[in-house]
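Student: So in full-length UniProt numbering, spot 60 of the sequence shown is number 60, and the numbers just go up one at a time.
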Amino acid sequence: LSHNVSQPAPPGFPKCVFWKPSSKGDGYWSSDGCNVTWISSNQTICNCSHLTNFAVLLDVYGGNRVISPLHEFILRVLTYVGCGLSIAGLFITLLSYVIFGKIRRDAPAKILICLCISLIAVNLFYLGLSPAYFYSPSSCVVVSVLLHYFLLSSLTWMGLEALNMYIALIRVFNTYYRKYILKISLAGWGIPLIVVLISLLLHFFKQPVYVPIDDYKICWIQNQVFYGCLVAPFAIIFTFNCIIFCLVLAQLLGLGSRKLKHRDSRRFRKKSA
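1. Count the other CB atoms, across all protein chains shown, that sit within 10 Å of the CB of residue 276; report buried if there are 16 or more and exposed otherwise.
2. Give the DSSP bridge partners of Tyr-180, in chain order.
3. What whole-angstrom Cβ distance do Ile-111 and Ile-184 have, given they're in contact under 8 Å?
4. Between the segment 243-256 and the segment 150-167, can you find at least three pairs of beta-carbon atoms closer than 8 Å?
5. When we look at the beta-carbon of Ala-132 and count the other beta-carbons within 10 Å, is it buried (16 or more) or exposed?
6. Classify Pro-208 as helix, strand or coil using the three-state DSSP reduction.
7. Quick one: what's got a C-beta closer than 7 Å to Phe-240's C-beta in the same chain, skipping five residues either side?
8. Can you have a look at Gln-222 and say buried or exposed, based on whether 16 or more other CB atoms are within 10 angstroms of its CB?
9. Alpha carbons only, please: which of Phe-205, Trp-157, Tyr-176 is nearest the one belonging to Phe-238?
10. For Phe-100, which three-state DSSP category applies?
11. Does DSSP classify Gly-33 as helix, strand or coil?
12. Tell me the residue span of the alpha helix (DSSP H) that contains Cys-140.
13. Keeping to the same chain, check which residues put their C-beta closer than 7 Å to that of Pro-21; ignore five residues upstream and five downstream.
14. If you compare alpha carbons, which of Thr-37, Ala-187, Tyr-176 is closest to Ser-154?
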């Protein structure tokens, strides 16, 4: 369903709804089964799973969240500067590993290289491909999928880096794994792909998942799926990294205390002799 307006809509947030009558003779506007799939200054496209009386309501209370052109320009400049510095630092890191071959032979170096590649891709897609007004709805889906995938891959590689640190510093013994790099590569690039494929199946067969947000800002994940396909993986990996950090910190502090006790015992034996 497409709703066109002859004049640009005032500041606000369109919402697809239908009139749901009640047993008392009145009714109310409900958004059950309806989702906004496209928003522009003169058009709103809705996707509904039923047929009834439809309308597009404008959330005027959200109008105070529309930032001024000056603030938007400042935020845009800060975004470009911050992402540009991040890309430059990541590129220098990759260049260092390319030039100095000896430092990229072990597993931590390869994990860091993959993490840098994922983060560079996230920044590039966010800077160059995110504005929705450049694209058709199908292109918006492509942009959202790529952003989603590389964000998840960045998170996954961070978790794999923590896992490798656990193996190297905590487990220590019996840590040889056959085709270790191949296995972590499959996990680092494959797990995010599975999540994105699930999101795409939901998008094409149930309800739109990747939609433009706030008229021209970015193409991104709809709120209902956002928590399950991005927030939940982030929470899991963040919790895992915190646990590994505590274990590694305890291990390092334990090594320091054992060295101190060993040094004190040696001094005591020397004095006794």
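Each residue gets a CB set at the ideal place from its N, CA and C atoms; glycine is no exception.
Keep in mind that this is a model prediction, so the values were computed, not measured.
Tutor: The relevant details are as follows:
1. Because the chain in this structure spans residues 1 to 273, residue 276 falls outside the shown range and cannot be described.
2. Answer is none; Tyr-180 lacks a bridge partner.
3. That pair is a contact at about 7 Å.
4. At 8 Å Cβ cutoff, the stretches touch.
5. Residue placement at Ala-132 cannot be trusted, given a pLDDT of 49 that sits under 50; what the coordinates show is reported in the next sentence. Burial call: buried.
6. Coil.
7. Result list for Phe-240: Gly-159, Ala-162, in chain order.
8. When all chains shown are included, Gln-222 counts as buried.
9. Considering only alpha carbons, the answer is Trp-157.
10. In the displayed model, Phe-100 falls within coil according to three-state DSSP, outside both helix and strand.
11. Correct three-state label for Gly-33: coil.
12. That run of the alpha helix (DSSP H) goes 137-166.
13. These residues qualify, in order along the chain: Gly-27.
14. Check the Cα spacing between Ser-154 and each of Thr-37, Ala-187, Tyr-176: the tightest is with Ala-187.
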